[in-house]
Amino acid sequence: MNSLRDEIRFLFSGQGMPYEKVCLMVAAVVCIVLGFMLSSNFSHDAKVVVIDLDNSAYSHELTSRIDASEYMEVTTVLNTPVDPTTLFYRDQAVAVVYFPRGLEKDRYTGAASNIGVFYDNTNTAQTSDIKIALNELIGLDNAAAQGDPGSTNDSLNGTIGLADRNLFNPNGSNYNVEVQGFLFFFGSMFFTFATIGMVPRLRLSHQLDKILLEGTPWDILVRLVPYGACLIVSFVFGMTILRILGDMTFTGSLLLFLAVQIFYVMTVGTLSTLFGWTAANPGIASSRMILFIPGGFIFGGPTGPVSFYPDWVVAASHLFPLTWEFHFVRDIIARGAGLGDISKEFGAFLIYMAVALILFCAKFFSARRALLKRQAQDELHRQKLQQMRLNENAAAGPAE
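According to the working numbering, the residues represented by the sequence shown are 3 to 402, in order.
As structure tokens, then:
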């Protein structure tokens, strides 16, 4: 019973993780927030790009039918040949539909013709609804043509077919989706565990005050370097295992990927020290990891297709650093994008990083001002006590 009382007293003392609050917060977030944000289980208005080389009334009609589907939204129509792989960068599209020249002529003269479709298979679940919807659309169109007495298309030779290709992960390997996603998630999570208690540790060892008075924010951020180096090495080590023992594809530049990781690691480290700053000790700080790491894993793409989420959820998911990481992973590793191809996304990430650094610097200088104010108050209090003792001694002298 004494052990039980001691442990209950420690639980509510504030010296460790505030589990009595964390457990309720986790239950509320999972059941209310995530339940609302993950309510959709199909691709709603997934982005589709149309390359229309026929540019005919029939191809325009098919484009309108695709756009009218609840599963698809035509975001762009191009009338010139384009490499379809470039249209998937930055998750701009889930599928690219290719209408060849002469499509309308073949359709109404009884000649067989194919429509090309390129699917982004970086997540195997995101294209399943689109594939069904496109097959139904073409099937209904062929059935209507067969039943049209005014059409010369009165045999199977005049049907329209779909010639599809699954890009980036054609065999649907889990090494390219789930396992890879866990590699970056758990790596980032344990990197946060290693760094989020840094400021509380410095405070308990009486080093923080010296840094605040004599140093700069860089004196804290530079401490992230060895942890960040270990994280980047672990990413490369893990991908090597997935490439040798599994069938993970890596089509981009390793040097570009490593360069991006430097910025990613510093951003996560900055946010980690910022979130853990006010914790009383490293144990309490560790519990705050849940505030900014798991959200990117849930909404960044590895656990569920981005096309399943409403637009506002996709936009809000960029508050989590891991969301940006998965964007870069899909573009560089899976799609083979170069620096120019990710420049827009990377520029936005640099702004995100700059905001994190500004908030960290503001916290640093705010803590310095608070420390100087506290020291001034302590000095004033010391001087008052000293003056009181002098007055007491002066009063005691004449009385004697």
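Cβ coordinates follow ideal geometry from the N, Cα and C atoms, glycine included.
Under a Cβ-count criterion, where at least 16 other Cβ atoms within 10 Å of its own Cβ denotes burial, should residue i be classed as buried or exposed?
i: S1; result: One cannot answer for residue 1 here, as it falls past the ends of the chain, which runs 3 to 402.
i: S274; result: buried
i: M390; result: exposed
i: S405; result: Not covered by the structure: residue 405. The range shown for the chain is 3 to 402.
i: F239; result: exposed
i: I132; result: buried
i: F351; result: buried
i: Q128; result: buried
i: G199; result: buried
i: K49; result: buried
i: S345; result: exposed
i: W279; result: buried
i: L244; result: buried
To the nearest angstrom, how far is the alpha carbon of residue i from that of residue j?
i: T305; j: Y266; result: 20 Å
i: R376; j: E394; result: 27 Å
i: G174; j: V31; result: 31 Å
i: Y121; j: I134; result: 13 Å
i: Q182; j: S236; result: 12 Å
i: F38; j: P307; result: 16 Å
i: M250; j: A336; result: 9 Å
i: S58; j: I117; result: 14 Å
i: I349; j: R332; result: It should be pointed out that residue 349 corresponds to Gly in this sequence rather than to Ile. Going from the Cα of G349 to the Cα of R332 covers about 17 Å.
i: A146; j: L55; result: 24 Å
i: V99; j: V119; result: 5 Å
i: Q388; j: L374; result: 21 Å
i: R384; j: P219; result: 30 Å
i: V357; j: T272; result: 10 Å
i: M74; j: T88; result: 19 Å
i: F322; j: Y354; result: 10 Å
i: R203; j: Y177; result: 38 Å
i: A339; j: F310; result: 24 Å
i: G248; j: S130; result: 24 Å
i: V317; j: I222; result: Looking at the sequence shown, residue 317 is not Val but Ala. The alpha-carbon atoms of A317 and I222 are separated by roughly 31 Å.
i: F170; j: L361; result: 38 Å
i: F294; j: H208; result: 28 Å
i: V52; j: L210; result: 58 Å
i: W314; j: N4; result: 52 Å
So what's residue i in DSSP terms, helix, strand or just coil?
i: Y311; result: coil
i: N168; result: strand
i: V2; result: This structure cannot speak to residue 2, because the chain is shown only from 3 to 402.
i: P304; result: coil
i: T251; result: coil
i: P20; result: coil
i: A95; result: coil
i: W279; result: coil
i: G174; result: coil
i: D69; result: helix
i: Q128; result: coil
With DSSP as the reference, identify every bridge partner of residue i, one or two as the case may be.
i: G163; result: N116
i: I53; result: L80 and Y100
i: M390; result: Answer is none; M390 lacks a bridge partner.
i: D122; result: L169
i: A48; result: M74
Which runs of the beta strand (DSSP E) spanning at least 3 residues fall entirely within the segment 178 to 261, listed in chain order? Whole beta strand (DSSP E) segments, 3+ residues: zero.
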